[in-house]
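Numbering (my numbering), first residue to last: 281 to 482. Note that the Cβ used here is the ideal one computed from N, Cα and C, for glycine as well. The structure appears right after this line, and notes come after that.
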């Protein structure tokens, strides 16, 4: 374990950090900033508030120091883009291939439109600053992509999209009409990126 990586030694500490982060995320993303209507925005707020905290052992696949974010590869080979609060870790000190123990809030799918024709995959990110504890300022990303639906788990409300970077697994808010979507659909989707609340290097 390395000193510059903040280790929250108890599950209670992780949950307190997660609760504070989710509250800040919910407040930071105002209705005016979203493409969806008020009902969909409320569903997105609820999804953020109920977002599951995932604990996993992963490897670093890519590092983005300017935004203090990383792409991690999970035990089944799945990739996820994760924003990291500077209070948790300075990702510039990581190396590709490092093995990490992480706890992170899953990426939340907040809006999706099915495209009539197959669109060219693209990705646009918007950064929102979030006041954090201990004087740190964190950031989260609202991401808009044109992507292809690769898998849908309707029971658990999970969707896998293949975008211009890689596949991304997202938890769908209650406003997302999963029954109207199918594998192979081309969609314009909007999601809030995953955010780490604990990160420890092996």
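- Under the three-state reduction of DSSP, residue 465 is assigned to coil, being neither helix nor strand.
- Rounded to whole angstroms, the Cβ separation of residue 340 and residue 384 is 13 Å, and the two are not in contact under 8 Å.
- Leaving aside the five residues that flank residue 461 on each side, the residues in its chain whose CB is nearer than 8 Å to its CB run, in chain order, 392, 394, 429, 432, 439, 467.
- Taking a C-beta distance under 9 Å as the contact criterion, residue 455 and residue 369 do not qualify as a contact pair.
- A residue is called buried once 16 or more other Cβ atoms fall within 10 Å of its Cβ, and residue 451 is buried on that count.
- Across the set 365, 336, 356, the C-alpha of 365 shows the shortest separation from the C-alpha of residue 344.
- With distances taken between CA atoms, residue 464 lies nearest to 441 out of 453, 482, 441.
- As a beta-bridge residue in DSSP terms, residue 381 pairs with 337, 480.
- Residues of the same chain with a CB within less than 8 Å of the CB of residue 332, apart from the 5 flanking positions on each side, are 385, 386, 451 in chain order.
- Nearest to residue 348 by C-alpha distance, out of 374, 445, 469, is 374.
- Per DSSP, the continuous beta strand (DSSP E) segment holding residue 394 begins and ends at 388-394.
- Going by C-alpha positions, residue 354 is about 11 Å away from residue 361.
- Annotated three-state conformation of residue 370 is coil, per DSSP.
- Restricting attention to 470, 371, 342, the CA atom closest to the CA of residue 421 is found in 470.
- For residue 479, the closest of 449, 446, 426, 363 by C-alpha to C-alpha distance is 363.
- The Cβ atoms of residue 336 and residue 382 sit closer than 9 Å to each other.
- Proximity to residue 357 across 424, 449, 367 peaks at 449, based on C-alpha coordinates.
- Taking the Cα positions, residue 396 is about 15 Å away from residue 425.
- For residue 470, DSSP records a beta bridge to 391, 424.
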